[in-house]
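Below: the structure, in structure tokens.
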Amino acid sequence: MTEGTSPGLPGTRPDATLAQVLQRHARNCPDKIALRFLDRGEGEGTCLTYAGLDRQARLWAAELLARGARGRTVLLVYPPGLPFVIGFWACLYAGAIAVPTPFITPARSAPRIAAIAADARPRLVLCSAALAAEATIRDAVAALRPDLDWIATDGPAPAGDPPQPEPPQPEDPAFLQYTSGSTADPRGVIVTQSNLIANMEMIRRAFGHDSTTRMVSWLPLFHDMGLVGGMLQPLYLGAETVLMAPMDFIQRPLRWLQAIARHRATSSGGPNFAYALCAERLRPEQIEGLDLSSWRVAFCGAEPVRAEDLRRFAARLAPAGFDPKALFPCYGMAETTLFVSGGPAGSGLATLPGSADQPERVICGLGAAGQQLAIVDPETRERLPEGKVGEIWVAGPHVGAGYWQQPDRSRDSFGARIANEDGPAFLRTGDLGQMRGEGLAVVGRLKDIVIIRGAKHHPEDIEAAATRAHPALSATAAAFAVPQDGAEALVVVQEVRRGHQADPALDLAAQAVTAAICEGFGVRPFEVVLVRPGTLPRTTSNKIRRGACRAAHLAGELARCPVTKTDHLSFSGGSDG
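The opening residue of the sequence shown carries number 0 in numbering that gives the first Met the number 0; numbering runs sequentially from there.
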């Protein structure tokens with residue numbers, strides 16, 4: 000393809016918005032299958048052609064425009080499936096600002112969806128008929144936004160054949176991607192129409208995608224990797240994508256690989272835990288029936304990438320024709336629409352060797368063309384030389400416009416300047432990394448976000464759930480991740496109330512903490528540590544020092560109460576991050 004042209008249209012100027020891209024595909028290849036959603040992750044699934052998606056998007060866009068939604072936020076509340084896709088594209092067509100929300104189960108999702116609704120202040124809600132009638136979510140949202148209309152889009156579409164709406168402008172917001180921050184403090188990244196087009200091109204070039212690409216994705220459509228990488232990228236290309244529900248993969252990882260083999264997918268991927276899960280669970284007799292020879296890009300991101308897990312996966316799937324050169328570690332985030340670095344495609348796994356005091360580090364490829372990538376001292380804001388570890392800063396047309404209605408936080412995160420340089424404003428990612436000739440190695444995180452199996456959890460939320468779990472527990476806790484068996488595991492350190500240090504009910508209290516976190520966040524703590532009052536280290540302003548607490552835990556320096564610890568790590572499917 001000619002540099003700077005739109006996919007499938009050599010020699011033309013790039014489309015300004017994704018709506019224009021889809022409309023062009025609907026004209027040029029109307030009967031080509033755009034999307035296929037697999038029921039229970041198996042079979043041939045329900046299909047939607049490019050013409051069908053275009054028509055459905057136009058019909059619901061007309062409904063949105065009639066309700067005054069242009070330029071306004073629209074909440075999307077759906078289980079996994081094609082109705083979410085149609086609702087999202089209806090917003091793009093109408094020039095409304097889509098706001099995807101994380102749906103897992105009504106009870107687990109309601110607080111987060113309500114918090115997003117309160118922050119985004121949507122004009123209305125697009126949803127499935129089942130969720131429109133679901134009292135748990137509706138009541139939680141209505142308590143904060145009682146004036147919202149709920150429109151179910153999975154029934155009969157509105158009648159007629161409306162014309163194409165006037166396209167939005169490139170600088171207009173396309174959607175808000177809410178990061179996995181605290182429920183009490185949601186942060187919606189403003190992703191503009193031009194951000195989307197820029198990142199679509201970056202992904203296409205780095206991954207080697209084109210209109211013949213075939214994708215399979217089980218990733219959540221409310222997450223940036225699933226939304227931008229798993230659904231929008233193939234539709235931008237005019238390619239075909241096969242979708243399935245995340246839970247269908249979690250419950251039976253073989254379904255993912257079977258879908259890749261059956262549909263001859265060339266590009267698919269997920270977080271590191273997905274590869275580790277397959278390597279752990281698949282039996283030799285299951286692998287024998289697979290043909291993965293079509294799989295050319297096996298991308299891996301959204302959480303720390305472990306070379307050992309990818310090597311185990313490649314070795315385990317070698318009998319099925321999996322090529323280890325397909326492995327594609329990558330790095331990105333919602334604040335950059337999705338993609339920052341990875342590739343080139345076909346180069347396989349590359350690492351920086353480990354040492355006694357430093358683990359082996361995976362190279363997450365070269366920075367995408369069209370951006371600036373810098374490693375910066377987070378304190379002095381000076382650019383660091385190659386090989387030095389510092390904060391990863393990013394500038395480019397894919398960097399979002401800031402956080403929704405949070406100008407101060409936006410200025411701090413999106414308006415950073417490198418000291419002693421006349422250059423653009425950079426995004427401070429909050430991640431640590433180093434640049435070598437081979438590319439970017441992500442070292443760790445400046446932030447306190449806890450990432451377990453690809454799902455991001457805010458420690459304050461986990462701590463709040465822990466402190467409420469049992470009357471013997473105080474309001475002081477710290478949650479953090481520790482390395483365990485090649486993965487990140489959750490540890491919760493919880494102070495007990497004074498006078499309860501030797502309470503025989505502390506075993507039950509620890510179990511209650513575990514149950515509360517499993518129910519609220521879909522992750523089981525590896526360890527719940529109950530400690531004496533006043534044990535947790537604090538700052539001079541009385542804030543808990545999680546890093547110091549983690550270090551004390553790893554060093555065995557915490558004053559524990561006598562209690563049986565929870566000592567195994569498991570994953571119960573679903574997350575909102």
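For each residue, glycine too, the CB sits at the ideal point set by N, CA and C.
- Under the three-state reduction of DSSP, Trp59 is assigned to helix.
- Residue pairing by DSSP puts Ser267 in a beta bridge opposite Val215 and Ala297.
- Cβ-Cβ distances below 7 Å link His397 to Asn194, Ala197, Asn198, Met201, Thr335, Thr336 and Gln370 in the same chain, with the five nearest sequence neighbours on each side left out; the list follows chain order.
- Assigned with DSSP and collapsed to three states, Gln176 falls in strand.
- Three or more beta-carbon pairs separated by less than 8 Å link the region 495 to 502 to the region 467 to 480, which places the two stretches in contact.
- Contact annotation: Pro318 and Pro343 have beta-carbon atoms that are not nearer than 9 Å.
- Across the set Pro99, Thr240 and Met230, the C-alpha of Thr240 shows the shortest separation from the C-alpha of Arg213.
- Restricting attention to beta strand (DSSP E) runs no shorter than 3 residues, the region 75 to 130 encloses them at 96 to 99 and 123 to 126, ordered along the chain.
- The DSSP-derived three-state label of Gln22 is helix.
- Distance from the Cα of Pro121 is smallest, within the candidate group Ala134, Ala128 and Pro145, for Pro145.
- Each of Pro185, Ile516 and Trp88 was checked against the Cα of Pro164, and the nearest Cα belongs to Trp88.
- Within 10 angstroms of the beta-carbon of Leu21 lie 16 or more other beta-carbons, which makes it buried.
- Secondary structure of Pro233 (DSSP, three-state): helix.
- Counting only runs of at least 3 residues, the region 446 to 527 fully encloses the following beta strand (DSSP E) elements, listed from N- to C-terminal order: 449 to 451, 454 to 456, 472 to 483 and 486 to 495.
- Around the beta carbon of Gly436, a 10 Å sphere encloses fewer than 16 other beta carbons of the protein chains shown; the residue is thus reported as exposed.
- Inclusion of Ala465 and Ile516 in the CB contact set at 9 Å is warranted, their separation being smaller than that value.
- For Ser193, the enclosing alpha helix (DSSP H) begins and ends at Gln192 to Phe206.
- Using a 10 angstroms sphere on the CB of Asn419, the tally of other CB atoms stays under 16, which defines it as exposed.
- In its chain, beyond the 5 residues on either side, Ala93, Ala95, Arg122 and Leu123 have a beta carbon closer than 7 Å to the beta carbon of Ala68.
- Gly320 is positioned such that its CB atom lies no closer than 9 Å to that of Gly268.
- Segment contact: the region 359 to 373 against the region 429 to 445, three or more CB-CB distances shorter than 8 Å; contact assigned.
- Pro458 is positioned such that its CB atom lies closer than 9 Å to that of Arg545.
- When rounded, the separation of the alpha-carbon atoms in Trp403 and Ala114 is 13 Å.
- Between Val528 and Arg559, the beta carbon gap of about 6 Å places them in contact (Cβ cut-off 8 Å).
- Distance between Pro162 and Ala61, taken at the CA atoms: about 9 Å.
- The region 129 to 142 makes no contact with the region 34 to 45: fewer than 3 CB pairs, one atom from each, lie closer than 8 Å.
- Out of Arg280, Ala106, Gln176 and Ala109, the CA that lies nearest to the CA of Gly399 is found in Gln176.
- Judged by DSSP secondary structure, Phe312 falls within the alpha helix (DSSP H) whose first and last residues are Ala306 to Leu316.
- C-alpha of Arg261 to C-alpha of Ile286: approximately 13 Å in a straight line.
- For Val522, the closest alpha carbon among the candidates Arg380, Ala488 and Asp290 is that of Ala488.
- Rounded to the nearest whole angstrom, the CA to CA distance from Gly519 to Glu41 is 29 Å.
- Annotation: Ile391 to Leu64 spans about 40 Å, alpha carbon to alpha carbon.
- Between Val339 and Val393, the beta carbon gap of about 6 Å places them in contact (Cβ cut-off 8 Å).
- Residues Leu218 and Ala301 of the same chain have their beta carbon placed closer than 6 Å to that of Met224, with the five preceding and five following residues left out of the count.
- In the DSSP assignment, the residues bridged to Ala415 are Phe425.
- Per DSSP, the unbroken beta strand (DSSP E) holding Gln371 starts and ends at Gln371 to Val375.
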